[in-house]
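K.L.:
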Amino acid sequence: MNRALTRTPAVTTPAPAASYDDLVARVLDGEFGPDPRTRHIAVAFSTRQAVRHEGRSGGYRNEVLSLRLDAAVGSCAVEPGALPDAAVEDCVGADIARLLQHPLRPVRVAALDAYLMEVLPHTPAHGARPWSLPAGSSLRKSRARARAVTGLLDTPPGTRVLVVGVVNSLLEALRTRGMSYVPCDLKGGTTEWGEAVRTDAPAELERCDAVLASGMTLGNGTFEPLRDHARRHGKPLVMFAQTGSAVLPRFLGSGVSAVCAEPYPFFWLDGGPGSIHRYRAQAPGAAR
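Structure representation (structure tokens):
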């Protein structure tokens with residue numbers, strides 16, 4: 001009996017970006033696809049959320065700006081209340097090139113994410129590998145996502161991980177794997193286990209073996225120092241990305257070692273099953 005062979009599609013992705021500004025310049029030059037001056041945002045919206053998982057002592061809030069470009073949605077998280085209402089209206093009908101030069105960084109990031117989501121969607125042909133999330137409570141889905149994210153850290157127990165953008169489920173998953181961590185977030189505060197959250201990530205880099213960082217670093221301008229440090233010192237840098245889920249894979253092999261990409265709608269919006277997409281940098285010399 002003949003048996004069909006299942007083959008993994010060849011990965012066809014552009015060369016890694018040298019920096020965020022380099023990526024934007026290449027998009028504006030049309031290197032990735034259609035002229036961004038001809039691609040217009042049809043829908044812009046913001047999503048606001050407050051959550052306290054069952055059994056957890058604290059909660060948090062999220063606010064995300066999202067821009068729709070045909071079937072693609074690009075997103076960038078912002079500090080709750082920081083996004084002017086006029087920003088959403090300003091994006092509707094605007095072309096991508098104009099939004100890539102918008103005075104507000106979250107608008108620029110969401111526009112770049114929308115464009116790259118359209119031209120380089122999360123498919124195996126572009127290096128993505130799907131990871132299923134189960135249906136269930138927000139905590140169950142949060143823990144499942146945390147396992148997917150921390151599983152991209154190819155480091156042994158005892159590794160000291162700088163976590164930029166504190167998510168208690170991620171810290172819990174690192175604890176389960178026997179890794180220590182330094183929690184860091186611009187908001188400060190404490191973790192679920194009473195640990196002080198640092199606020200200056202660059203100051204903690206030298207004493208950590210690996211970095212696990214939120215895509216929110218794109219939106220607040222703190223991504224490049226993390227990427228540059230990881231690139232210069234050969235440290236693993238794993239990004240978990242609701243913000244810029246289509247942007248961050250463009251840095252694989254240029255300081256970023258892996259990405260867990262989670263485009264809109266995010267796991268906390270729906271109790272049903274879902275999926276996220278995992279990327280790893282290819283080994284030097286591997287065929288593309």
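The letter at position 192 of the sequence shown is residue 192 when you use full-length UniProt numbering, and the numbering goes up by one with no holes. All C-beta atoms in this analysis are idealised placements derived from N, C-alpha and C, irrespective of residue type, glycine included.
I'd like to confirm the pairing. Which residues does DSSP put opposite H277 in its beta bridges?
P.N.:
According to DSSP, H277 bridges with P130 and A261.
K.L.:
Please list, in chain order, all residues of the same chain as L174 whose beta carbon is under 7 Å from its beta carbon, the five residues on each side excluded.
P.N.:
Around L174: T150, V161 and Y181.
K.L.:
Out of curiosity, what's the CA-to-CA distance linking E63 and Q242?
P.N.:
Distance between the alpha carbons of E63 and Q242: 11 Å.
K.L.:
Pull up the distance between the alpha-carbon of T217 and that of A94, whole angstroms please.
P.N.:
Their Cα atoms are separated by approximately 25 Å.
K.L.:
Please report the Cβ distance between T191 and L205, rounded to the nearest whole angstrom; I am assuming they are in contact, meaning their Cβ atoms lie under 8 Å.
P.N.:
That pair is no contact at about 19 Å.
K.L.:
Pull up the distance between the alpha-carbon of V238 and that of A87, whole angstroms please.
P.N.:
Distance between the alpha carbons of V238 and A87 is about 30 Å.
K.L.:
Measure the CB-CB distance between A111 and L100 and report whether it falls below 8 Å.
P.N.:
Taking 8 Å as the Cβ cut-off, A111 and L100 qualify as a contacting pair.
K.L.:
Could you check the C-alpha separation between residue 290 and E195 for me, to the nearest Å?
P.N.:
In this structure the chain extends from 1 to 288, so residue 290 is not present and cannot be described.
K.L.:
In chain order, what residues of the same chain lie with their CB nearer than 6 Å to the CB of H102, ignoring the 5 residues before and after it?
P.N.:
Closer than 6 Å at the Cβ level, and outside the excluded window around H102, lie R108.
K.L.:
Can you tell me which residues form a DSSP beta bridge with P44?
P.N.:
For the sequence presented, residue 44 should be read as Ala rather than Pro. BP columns for A44 point to L67.
K.L.:
So, with DSSP's three-state summary, where would you put S180?
P.N.:
It is a strand residue.
K.L.:
Out of K187, S254, D29 and R68, which one is the CA nearest neighbour of D113?
P.N.:
The option with the nearest alpha carbon to D113 is R68.
K.L.:
Measuring alpha carbon to alpha carbon, tell me which of P156, A18, T38 and G74 ends up nearest F45.
P.N.:
Per the Cα distances, G74.
K.L.:
Looking at the unbroken alpha helix (DSSP H) that takes in F223, where does it start and where does it end?
P.N.:
Note, F223: alpha helix (DSSP H), F223 to H233.
K.L.:
Could you check what DSSP says for F240 in three-state terms: helix, strand or coil?
P.N.:
Strand.
K.L.:
Assign L252 to one of two classes, buried (16 or more other C-beta atoms within 10 Å of its C-beta) or exposed (fewer than that).
P.N.:
Looking at its Cβ environment, which holds 16 or more other Cβ atoms inside 10 Å, L252 is buried.
K.L.:
Sort R147, D70 and V92 by Cα distance to R278 and report the nearest one.
P.N.:
Comparing Cα positions, the closest option is R147.
K.L.:
Should V51 be labelled buried (16 or more other beta-carbon atoms within 10 Å of its own) or exposed?
P.N.:
So V51 ends up on the exposed side.
K.L.:
Just to confirm my understanding: we take I96, look at its own chain, exclude 5 residues before and 5 after, and list those with CB closer than 6 Å. What are they?
P.N.:
Closer than 6 Å at the Cβ level, and outside the excluded window around I96, lie P36, R39, A111 and Y115.
K.L.:
Comparing C-alpha positions only, which one of P225, G81, S169 and G274 sits nearest to A256?
P.N.:
Contrary to the premise, residue 256 reads as Val rather than Ala in this sequence. Of the listed residues, the one whose Cα sits closest to V256 is P225.
K.L.:
Flag this pair as yes or no: are the beta carbons of residue 341 and R48 separated by less than 8 Å?
P.N.:
Because the chain here runs from 1 to 288, residue 341 falls outside it and cannot be looked at.
K.L.:
Could you please give me the residues that DSSP links to R198 through a beta bridge?
P.N.:
Paired residues: C184.
K.L.:
Using CA coordinates, which residue listed in K187, P273, N220 and L28 is at the minimum distance from R61?
P.N.:
With distances taken between Cα atoms, R61 lies closest to K187.
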